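Undergrad: Taking UniProt numbering, the leading residue of the sequence shown gets 1, the next gets one more, and so forth.
A virtual CB, placed ideally from N, CA and C, is assigned to each residue, including glycine.
If you're wondering where the values come from, they're calculated on a predicted model, not measured in any experiment.
The structure's right below; bear with me while I get my questions together.
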Amino acid sequence: ISTKEFLANEQGHVTGVKTVRVEWKNVGGQTRLIEMPGSEEIFEADLVLLALGFLGPEPTVGTSLGVDFDKRGNFKADWGNWRTSNAKVFAAGDCRRGQSL
């Protein structure tokens, strides 16, 4: 899944995330991320955390949200729906699988 847009209300507060399903394809000898037509989806959200960088997830954030950690210190999430031990918190990217830079 790739994020296309963050959605907000008139006050500028986040209300959701627009996403599209993607797949990696070899195009002319280069690996490209290709959007799958008709796969756009909107997920409602009150808060969006961006997980990027050279370090794993900040433990105090996960702990304050009631999220369990895996043995590597990443947010533990169910495969496929990405729900953490807190049913209102979902994890993806670096905070779930580990840093990739």
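Give me the DSSP bridge partner(s) of Glu5.
TA: For the purposes of this step, residue 5 is identified with residue 5 of the sequence shown, where counting begins at 1. Its beta-bridge partners are Lys18.
Undergrad: Rounded to whole angstroms, what's the CA-CA distance from Val67 to Thr15? Just pull it up for me.
TA: Start at 1 with the first residue of the sequence shown, and residue 67 comes out as number 67. Start at 1 with the first residue of the sequence shown, and residue 15 comes out as number 15. Approximately 22 Å, taken between the alpha carbons.
Undergrad: Assign Phe6 to buried or exposed, taking buried as 16 or more other Cβ atoms, counted over all protein chains shown, within 10 Å of its Cβ.
TA: To locate residue 6, count along the sequence shown from 1; it is residue 6. It is exposed - the Cβ of Phe6 has fewer than 16 other Cβ atoms within 10 Å.
Undergrad: Taking the DSSP output, what are the residues bridged to Phe75?
TA: By 1-based counting over the sequence shown, the position of residue 75 is 75. Phe75 pairs with Phe69.
Undergrad: Look at Cys95 and Pro57 and say whether their C-beta atoms are less than 8 Å apart.
TA: Locating residue 95 in the sequence shown gives position 95, where the first residue counts as 1. Locating residue 57 in the sequence shown gives position 57, where the first residue counts as 1. Here Cys95 is near Pro57, since their CB atoms are less than 8 Å apart.
Undergrad: Quick check on the DSSP output: the alpha helix (DSSP H) that includes Thr63 runs from which residue to which?
TA: For the purposes of this step, residue 63 is taken as the residue at position 63 of the sequence shown. For Thr63, the enclosing alpha helix (DSSP H) stretches over residues Pro59 to Ser64.
Undergrad: State yes or no: is the C-beta of Val20 within less than 8 Å of the C-beta of Ser39?
TA: Taking the sequence shown and counting its residues from 1, the one referred to as residue 20 is at position 20. Taking the sequence shown and counting its residues from 1, the one referred to as residue 39 is at position 39. In this structure, Ser39 lies closer than 8 Å to Val20 by Cβ.
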